[in-house]
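Take a look at the structure set out below.
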Amino acid sequence: MRSFVKAPFPLGVLLSMLFAAWAFSVPVMAQDAPQDVPEADSAAAETFMAPVIVDGDTLFHIRGSSALPATERAENIQDAIIKVAESSDATDVDITYQDTEIGTRILADGQMVTIVTEADAELEQMELSVLTVLHGDAIRDAIMAYRANRTDEARVSGAIEAAAWTLGFIVFVLVILWLHRRVRRRTLIFVRRYLRDVEEATAKSVQAEAIAALIRYGLNFGLLIIFFLGFYYYLSFVLLAFAESRYFAQLLLTYLTEPVLLIFRGILSYIPNMIMLALIAWVTIYIIKGMRVFFDAVEAGTFDMGDFEKHWVNPTFNIARVVVILIALVFAVPYIPGSDSAAFQGLTILVGAMLSLGANSVVSNMLAGLFVIYRRSTSIGDRIQIGDHIGDVVQIKLMETHLKSIKNELISIPNAQLMNSDVVNFSKQTDGKGLLLHTTVGIGYEEPPEKVEAMLIEAARRTDGLRARPEPFVLWTALADYAINYQINAYTTRGNSIPRIKSDLHRNIVEVFNENGVQIMTPSYVADPPEPKIPNHPWDGRLAHEAVEDTDN
């Protein structure tokens, strides 16, 4: 049995409290619900059972009945023990036993304390005589401890102990305050010194003060938790120093220590699973790093994979990485704490239902993104036309494709739209000739067609960016009401410069036709004017520029 004589507290009592809180639940539950007792009997035993507690220490458990509930019977025994303890200051207790019809009566210094019944023996699963002796020894120790804890020496010792805990708590609070002030001063210095690269990489969008505030909040929150734990245990230990408040101190210790120990025991029991999870994570990281090295070698040209294009390297690596992570999750789920619970299974079903109902467009865009990446029709840097949008492909993401228009606008196009639309690619070459650039002009029937064709070909030859071989050629696209529509066609390999080349071609056509006195028909035609609507003299840019300068001077 345990000794109830008060001893110096600091380490021994603390360790005994922690050990008792850890070990109490298992033995008591083992006694409360024996293996060979049916479930109904076990529930009844727990219902009619109560502990006998004196000065916060549990002596033993007794069983009650419908006529005398266990809690009331336990209170009567506690009152009897305290009455005997307060009736004398002797250092010894005379425990005697008397057999009765209902059990064995236990007397302390001639005063009856309790009767041990067959029901109590059945509850403890031992002989009545043995259980009676154990209860008698526990009562003797409780009375002696009760008297010892209320002597003048014990009260002085308790006061000194409480003063020592108070002094320690004051030092603890001063340390917490010092750390709090130091955290406020040192956090910003630490962030500016060690996280400067983060601020530079984000173009100062993440300021050092913001990072310091987050770190400071986390550290202060940790200090607050430590202060709360310190105050909680300080109050418990001060109350534990005095016999009258020891019961409440043990309640405080039990309320906080038992959950912590339960968590600690749970962590210990999951150590094998954690080792397996760590092993799965390590193997997964190792495989991903190996794949990264392989795809870097493919991108550098070390490995020749035939028609595998370089811009496929990063998407393929990301897909392979996701597949490896999903496989690792399949292996890791059985080792995750709570994975076999109904709550975890219900949560996974809920998440799956939410994804299936709300991710239709997301999944379609993702699949379309994969097709866009791998079907070779569009690559980064190509100039393409999708509907009314013309621009250069700057980025192909899993969900969308980004274009930079010829006006330097950033256009985001969902990949599903990209898959379902006609895409004109001005950068891809189907053969060695290049793109066939063309434009149409309307010239009156009175002009010789050979002359018009020669002027159009001359304008194409003057245009930078149009190839001389294959030679430009002219097609008659329509015999309109008042003019013949001539189409000049010329090859170019500069798909990204088509707007500029076409503009130069239009300018050169106007210049050549003006030089030769040929009028280009306007869209709205009424009658031939007396004189052709062409400039009398070709415009001289140099002379005009000099004229402007003379005017300014």
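Those letters in the sequence shown? Residues -30 to -1, 1 to 523, by mature numbering (1 follows the signal peptide of the UniProt record, and there is no 0).
All C-beta atoms, glycine included, are put in the ideal place defined by N, C-alpha and C.
With a threshold of 16 other beta carbon atoms within 10 Å, Y225 falls short and is exposed. Assignment of beta-bridge partners to E370 by DSSP yields P384. Relative to R154, the option among D122, Y187, A132 and L144 whose CA is nearest is Y187.
With respect to I354, N395 sits close: the two C-beta atoms are nearer than 8 angstroms.
Taking 8 angstroms as the cut-off, the beta carbon of V393 is found closer than this to the beta carbon of T348. In terms of Cβ geometry, L209 and F198 do not form a close pair [threshold 8 angstroms]. Residue range I468 to E485 is occupied by the alpha helix (DSSP H) that includes N478. Per DSSP, reduced to three states, the secondary structure at N390 is helical. Straight across, the Cα-Cα distance linking A251 with A298 is about 8 angstroms.
Counting only runs of 4+ residues, the alpha helix (DSSP H) found wholly inside the segment 254 to 324 occupies 283 to 302, in chain order.
In the DSSP annotation of this structure, T121 is not part of any beta strand (DSSP E), being labelled neither H nor E.
Taking a cut-off of 8 angstroms for Cβ pairs, the segment 72 to 79 and the segment 101 to 120 touch, as three or more such pairs fall below it.
Collapsing the DSSP output to three states places D362 in a strand. Judged by beta-carbon spacing, W446 lies within the 8 angstroms limit of Y456, meaning their Cβ atoms are closer than that value. Judged by their CB atoms, M261 and F287 are nearer to each other than the 8 angstroms cut-off. Taking the C-beta atoms as reference points, A55 is found nearer than 8 angstroms to R117. The Cβ atoms of E370 and I383 lie closer than 8 angstroms to each other. N243 carries a helical assignment under DSSP once its states are collapsed to helix, strand and coil. As for any beta strand (DSSP E) of minimum length 3 sitting wholly inside the segment 20 to 80, the runs are 27 to 33, 65 to 69 and 73 to 78, ordered along the chain.
A check of alpha carbon separations from P440 across E428, E416, L406 and K421 identifies L406 as the nearest. Annotated three-state conformation of F212 is coil, per DSSP.
The residue among I32, A112, T102 and D62 with its C-alpha nearest the C-alpha of L93 is I32.
M491 is classed as buried because its beta carbon has at least 16 other beta carbons within 10 Å across all chains shown.
Just so you know, the alpha carbons of T41 and N243 end up roughly 42 angstroms apart. Assignment of G236 by DSSP, reduced to helix, strand and coil, places it in the helix class.
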